[in-house]
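Residue numbers (this note's numbering): 100 to 358. Cβ coordinates follow ideal geometry from the N, Cα and C atoms, glycine included. Worksheet for the structure shown next.
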């Protein structure tokens with residue numbers, strides 16, 4: 100009886116060793132795979148980096164949208180432009196409900212605050228430049244709340260970058276004394292606007308105007324480029340929004356020159 104039991108135990112031992120060897124082999128394989136992924140500049144990293152740059156490009160585009168798309172709508176149909184804010188918010192939450200499109204919904208939510216501010220100011224308050232920054236800051240409490248909750252970072256930093264660009268542009272208008280021209284151009288038709296733009300351009304071309312343009316452009320470049328080294332997507336949204344301010348302001352300058 101004892102011999103039979105020992106024989107049975109001896110016969111079963113190789114299978115146990117084999118199972119242990121297989122388990123060890125599997126664990127080693129997993130460890131090797133993890134090591135390879137951690138040290139290799141492989142697919143997941145390239146996908147993440149590519150998406151970060153797509154966020155950057157989208158941020159540049161979304162800052163330009165209110166200038167070239169929302170402005171004509173606001174002029175003729177301000178109520179429609181205001182109502183479209185609800186659509187942007189709905190679309191952003193719809194995109195955020197899916198993992199694959201979450202980052203785009205996040206970015207669009209931040210854009211919604213910029214669109215809302217643009218609809219309100221350019222629709223009803225554009226004649227008074229002093230109201231511009233207070234209205235543009237309408238989404239600031241929400242953006243700060245999102246950042247405190249560690250939620251919606253891409254959209255919140257996009258909005259903050261866009262707001263910073265607006266602040267520096269308005270500061271330039273104050274420093275170079277362009278606010279009177281702002282008030283005038285909002286009260287005339289297209290034919291009268293040409294002369295006002297030419298007068299404003301003369302103010303910009305003074306040594307004072309050129310010096311401050313260079314200083315603020317360097318500030319925008321520095322603030323916009325430095326965050327791109329952080330690799331997080333919300334910094335790319337912030338950097339894209341800040342740098343696009345230079346693009347938009349340059350287009351306005353070219354329009355004044357062409358007038």
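| task | In the DSSP assignment, find the unbroken alpha helix (DSSP H) run with residue 220 in it and report its ends. | result | Looking up residue 220 in the chain shown gives position 121. Per DSSP, residue 220 lies in no alpha helix (DSSP H) and is assigned neither H nor E.
For this session: Hey, could you find the ends of the alpha helix (DSSP H) residue 186 is sitting in?
Result: Taking the chain shown and counting its residues from 1, the one referred to as residue 186 is at position 87. DSSP places residue 186 in the uninterrupted alpha helix (DSSP H) bounded by 177-195.
What does the alpha-carbon distance come out to for the pair residue 209 and residue 158?
One-based indexing of the chain shown puts residue 209 at position 110. One-based indexing of the chain shown puts residue 158 at position 59. C-alpha separation (whole angstroms): 10 Å.
Status (buried if at least 16 other CB within 10 Å, exposed otherwise) for residue 291: For the purposes of this step, residue 291 is taken as residue 192 along the chain shown, with counting starting at 1. Residue environment for residue 291: exposed (fewer than 16 other C-beta atoms within 10 angstroms of its C-beta).
* To do: My understanding is that residue 216 touches residue 177, with C-beta atoms under 8 Å, so please give their C-beta distance in whole angstroms.
  => If you number the chain shown from 1, residue 216 lands on position 117. If you number the chain shown from 1, residue 177 lands on position 78. The pair is not a contact, with the Cβ atoms about 13 Å apart (cut-off 8 Å).
Exercise. Measure the Cβ-Cβ separation of residue 321 and residue 264 and say whether it is below 9 Å.
Key: As a working note, residue 321 is residue 222 in the chain shown. As a working note, residue 264 is residue 165 in the chain shown. The answer is no: Cβ separation not under 9 Å.
DSSP state of residue 298 mapped onto helix, strand, coil: On the chain shown, residue 298 is found 199 positions in, with the first residue counted as 1. Residue state, collapsed to three classes: helix.
(message) Mapping the DSSP letters down to three states, classify residue 124 as helix, strand or coil.
(response) One-based indexing of the chain shown puts residue 124 at position 25. At residue 124 the pLDDT is 46, less than 50, meaning the model places this residue with poor confidence; the figure from the coordinates comes in the next sentence. When secondary structure is reduced to three states using DSSP, residue 124 falls in the helix class.
**Prompt:** Tell me which same chain residues have a C-beta within less than 7 Å of the C-beta of residue 258, skipping the five on either side of it?
**Reply:** In the chain shown, residue 258 corresponds to position 159, counting from 1. So the list reads 209, 212, 213, 238, 242, once near-sequence residues are dropped.
Within a Cβ cutoff of 8 Å, which residues of the same chain sit near residue 152, ignoring the five residues on either side of it in sequence? Along the chain shown, one-based indexing puts residue 152 at 53. If we look at residue 152 and ignore the five residues flanking it on each side, its Cβ neighbours are 335.
- Go through its chain and collect everything with a Cβ distance to residue 309's Cβ below 8 Å, but skip five positions before and after it. Position 210 of the chain shown, counted from the start, is the residue given in the question as residue 309. The residues are 303.
Review point. Are residue 254 and residue 190 closer than 9 Å when you measure CB to CB?
Key: As a working note, residue 254 is residue 155 in the chain shown. As a working note, residue 190 is residue 91 in the chain shown. No.
Opening and closing residue of the alpha helix (DSSP H) in which residue 235 lies: If you number the chain shown from 1, residue 235 lands on position 136. Residues 231-235.
Tell me whether the segment 222-238 and the segment 272-291 touch, counting them as touching only if at least three CB pairs, one residue from each stretch, are closer than 8 Å. Touching, yes.
Q.
Please report the distance separating the alpha-carbon of residue 296 from that of residue 198.
A. On the chain shown, position 197 is the one that residue 296 refers to. On the chain shown, position 99 is the one that residue 198 refers to. Taking the Cα positions, residue 296 is about 47 Å away from residue 198.
* To do: Confirm, please, whether the CB-CB distance from residue 312 to residue 355 is below 9 Å.
  => What you label residue 355 is simply residue 256 of the chain shown in a count that begins at 1. What you label residue 312 is simply residue 213 of the chain shown in a count that begins at 1. In this structure, the beta-carbon distance from residue 355 to residue 312 does not fall below 9 Å.
Q) Out of 179, 166, 266, 165, which has the shortest C-alpha to C-alpha gap to residue 315? A) Counting from one through the chain shown, the residue named residue 315 turns up at place 216. Nearest of 179, 166, 266, 165 to residue 315, Cα basis: 266.
**Prompt:** In chain order, what residues of the same chain lie with their CB nearer than 7 Å to the CB of residue 222, ignoring the 5 residues before and after it?
**Reply:** What you label residue 222 is simply residue 123 of the chain shown in a count that begins at 1. Excluding residues within five positions, the ones whose Cβ falls inside 7 Å are 173, 177, 180, 181.
### Task
Give every residue of the same chain whose Cβ lies closer than 6 Å to the Cβ of residue 333, excluding the five residues on either side of it in the sequence, and list them in chain order.
Walking along the chain shown from the start, residue 333 turns up at place 234. If we look at residue 333 and ignore the five residues flanking it on each side, its Cβ neighbours are 252, 253, 256.
Which class does residue 278 belong to by DSSP, given the choice of helix, strand or coil?
-> Counted from its first residue, the chain shown places residue 278 at position 179. Note: residue 278 maps to helix in three-state DSSP.
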